[in-house]
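Enquirer:
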Amino acid sequence: KKIAPGHEGQVFQAGTEVFAKLDFEDRYDKMQQHTGEHIFSGLVNHRYGYHNVGFHLGDDEVTMDFDGRLEEEEIRELEETANRIIRQNLPVTASFPSAEEQEQLTWRSKKEIDSESLRRVTIPGVDVCACCAPHVKRTGEVNLLKVESFHNYKKGTRIFLCCGERAYHLFQKEHRMVRALAQECTTSYENLPDRFHQMQQEILQWKLRASGQMEELLSYRIQELPKRGDSLVLFLKEGEEEGSLLRKAANQLMQKGAVLCAVFSRKAEGGFSFVIGSPQNRANEC
Numbered sequence: 002k003k004i005a006p007g008h009e010g011q012v013f014q015a016g017t018e019v020f021a022k023l024d025f026e027d028r029y030d031k032m033q034q035h036t037g038e039h040i041f042s043g044l045v046n047h048r049y050g051y052h053n054v055g056f057h058l059g060d061d062e063v064t065m066d067f068d069g070r071l072e073e074e075e076i077r078e079l080e081e082t083a084n085r086i087i088r089q090n091l092p093v094t095a096s097f098p099s100a101e102e103q104e105q106l107t108w109r110s111k112k113e114i115d116s117e118s119l120r121r122v123t124i125p126g127v128d129v130c131a132c133c134a135p136h137v138k139r140t141g142e143v144n145l146l147k148v149e150s151f152h153n154y155k156k157g158t159r160i161f162l163c164c165g166e167r168a169y170h171l172f173q174k175e176h177r178m179v180r181a182l183a184q185e186c187t188t189s190y191e192n193l194p195d196r197f198h199q200m201q202q203e204i205l206q207w208k209l210r211a212s213g214q215m216e217e218l219l220s221y222r223i224q225e226l227p228k229r230g231d232s233l234v235l236f237l238k239e240g241e242e243e244g245s246l247l248r249k250a251a252n253q254l255m256q257k258g259a260v261l262c263a264v265f266s267r268k269a270e271g272g273f274s275f276v277i278g279s280p281q282n283r284a285n286e287c
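Just so we're aligned, residue 2 is where the sequence shown starts under our numbering, counting upward by one.
So, in C-alpha cells, the structure goes:
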C-alpha cells in the first residue's frame, strides 16, 4: 500500500530488482479482525445455524452479514462468549486436507472448492472454515472483540465489529465521551442514563412552559392589532417559529375577521417559516 518516498508514479521495467517490505502493522491488524470474525461467525453458526453470507474487512470498518435475525441480547451474549474464547488463547491452525480426507470432514459454509487448494482454518471447539487469508496463531492475539453496532439487513442481520487495537481505541474514545458527559452532568457513569432522562424531562417541561407563555403573549399581540381591511400579516420574533405556534396565530387572525392572513417568522439559520390561511367559508373572497 505504501511506496517509498521518491518512487511515487515510477514505472518499473520487467526484470527490475526491487526491495519490498511488508507493512506488518497493517497486516497484523487485518489478521486480528479476520480471526475475530471467524470466532464470532463460528459461534453464530453453532448456536443459531446462521451463515455468514457477506464479509467486508476495510481499513476502518468490518461488517458481517448473517442470513438470520439476531436480537440485541443474543449479540451481547455472543460477544461475551467470543471474548472468553479469546482469553482462553486457543490455537488457530491451518491445514490442507487431501480430497479423500475432505469427504470425511465438515466445515462451516462448505462449498465446492478445488480439492487441490483447499485450506481449512480451525479454532478447536469454535470454528472450522475454508479460508485462504492469514490469521493470528492463537485467539489471545485478537486481544479484544467489540460489536460496535448492528441492524436488520435484508432478511438477516448486519454486524459492525472491531478487534485488537481498533476495539481498544473505540473503548478509549467512548470512555472519554462518557467521562466528559458525566462530569458535565455532575453524576457518575452508572447514573448517567437516568440523569440524561431526567434532563430530557426537565427540558420538555421548560419548553411546554415557554410555549404556553409565548401563546399568551401572541394572543395579546393579536388582540391589540388594529383591524385594517380583510388581510392581516403578522411577523413573529426569531425563536417563535415553531410550526404549531404559527398555525395558532393564523387561526386567531382569522377569528379576528381576516379573510386572508399570513404569519411569518425568521429562522435562526436563515429564511422564513410561514403559514398562510383563510376561513373555509370565505376562501372564495381571496
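By construction, the Cβ of each residue, glycine as well, lies at the ideal position given by its N, Cα and C atoms.
The structure presented is a predicted model; accordingly, all values stated were derived computationally and were not measured.
Within the same chain, show all residues whose beta-carbon is closer than 8 Å to that of Val179, passing over the 5 residues directly before and after it, in chain order.
Expert: Closer than 8 Å at Cβ, skipping near neighbours: Tyr190 and Leu193.
Enquirer: So, helix, strand or coil for Leu23, using DSSP?
Expert: Leu23: coil per DSSP, three-state reduction.
Enquirer: Mapping DSSP to helix, strand and coil, what is Arg267?
Expert: Reduced to three states, the DSSP call for Arg267 is strand.
Enquirer: Within the continuous beta strand (DSSP E) that includes Thr94, where are the two ends?
Expert: From DSSP, the beta strand (DSSP E) with Thr94 extends over Thr94 to Ser96.
Enquirer: Return the residue from the list Arg70, Leu218 and Glu26 that minimises the CA-CA distance to Tyr154.
Expert: Checked all of Arg70, Leu218 and Glu26; the closest Cα to Tyr154 is Arg70.
Enquirer: Closest to Leu235 by C-alpha separation, out of Glu81, Leu44 and Ala250, would be which residue?
Expert: Among Glu81, Leu44 and Ala250, the Cα nearest to that of Leu235 belongs to Ala250.
Enquirer: Please tell me whether Phe161 and Val63 are closer than 8 Å, where the distance is taken between their beta carbons.
Expert: Yes, the Cβ-Cβ distance between Phe161 and Val63 is below 8 Å.
Enquirer: Just curious, the alpha helix (DSSP H) that Asn53 is in, first and last residue?
Expert: No alpha helix (DSSP H) holds Asn53; the beta strand (DSSP E) holding it covers Asn53 to Leu58.
Enquirer: How is Thr139 classed by DSSP in three states: helix, strand or coil?
Expert: Residue identity differs from the one stated: residue 139 is Arg in this sequence, not Thr. Correct three-state label for Arg139: strand.
Enquirer: Mark Glu38 as exposed unless 16 or more other C-beta atoms lie within 10 angstroms of its C-beta, in which case mark it buried.
Expert: Per the 10 Å Cβ criterion, buried.
Enquirer: So which of Leu145, Phe67 and Thr187 has the shortest CA-CA distance to Leu171?
Expert: Selected option, being the one with the closest Cα: Leu145.
Enquirer: Take Leu182 and list the residues in its own chain whose beta-carbon comes closer than 7 Å to its own, dropping the five residues that flank it on each side.
Expert: Once the five neighbours on either side are set aside, the close Cβ partners of Leu182 are Leu193.
Enquirer: Quick check: the Cα distance between Cys186 and Lys174, rounded to an integer number of angstroms?
Expert: Looking at the two C-alpha atoms, the distance is approximately 18 Å.
Enquirer: In terms of residues, what are the limits of the beta strand (DSSP E) holding Tyr154?
Expert: Tyr154 -> beta strand (DSSP E) spans Leu146 to Tyr154.
Enquirer: Which one of Lys208, Arg210 and Leu237 has the shortest CA to CA distance from Arg222?
Expert: Out of Lys208, Arg210 and Leu237, Leu237 has the C-alpha closest to the C-alpha of Arg222.
Enquirer: Using only the alpha-carbon positions, how far apart do Leu209 and Val260 sit?
Expert: Going by the C-alpha atoms only, they are around 31 Å apart.
Enquirer: Could you please give me the residues that DSSP links to Met65 through a beta bridge?
Expert: Phe56 and Ile160, per the DSSP bridge assignment.
Enquirer: For the alpha helix (DSSP H) containing Phe13, list its first residue and its last residue.
Expert: Per DSSP, Phe13 belongs to no alpha helix (DSSP H) and is neither H nor E.
Enquirer: Do Leu91 and Thr140 come within 8 Å of each other at the CB atom, strictly closer than that value?
Expert: In contact: Thr140 and Leu91 (Cβ atoms closer than 8 Å).
Enquirer: Note down the Cα distance separating Phe197 from Glu142, rounded to an integer number of angstroms.
Expert: Approximately 38 Å between the Cα atoms of the pair.
Enquirer: When you compare each of Gln34, Asp24, His57 and Ile76 to Tyr49 by their alpha carbons, which one comes out closest?
Expert: Nearest C-alpha to Tyr49: Ile76.
Enquirer: Comparing C-alpha positions only, which one of Val12, Tyr51, Ala21 and Lys147 sits nearest to Thr82?
Expert: Checked all of Val12, Tyr51, Ala21 and Lys147; the closest Cα to Thr82 is Lys147.
Enquirer: Over what stretch of residues does the alpha helix (DSSP H) that includes Gly213 continue unbroken?
Expert: Note, Gly213: alpha helix (DSSP H), Leu193 to Gln224.
Enquirer: Tell me, please, which residues DSSP counts as bridged to Ser232.
Expert: Beta-bridge pairing links Ser232 to Leu261.
Enquirer: Give the secondary structure of Arg121 by DSSP, where H, G and I count as helix, E and B as strand, and everything else as coil.
Expert: In this structure, Arg121 counts as strand in the three-state DSSP scheme.
Enquirer: If we ignore side chains and look at the alpha-carbon of each, how far apart do Met215 and Ser245 end up?
Expert: Distance between the alpha carbons of Met215 and Ser245: 11 Å.
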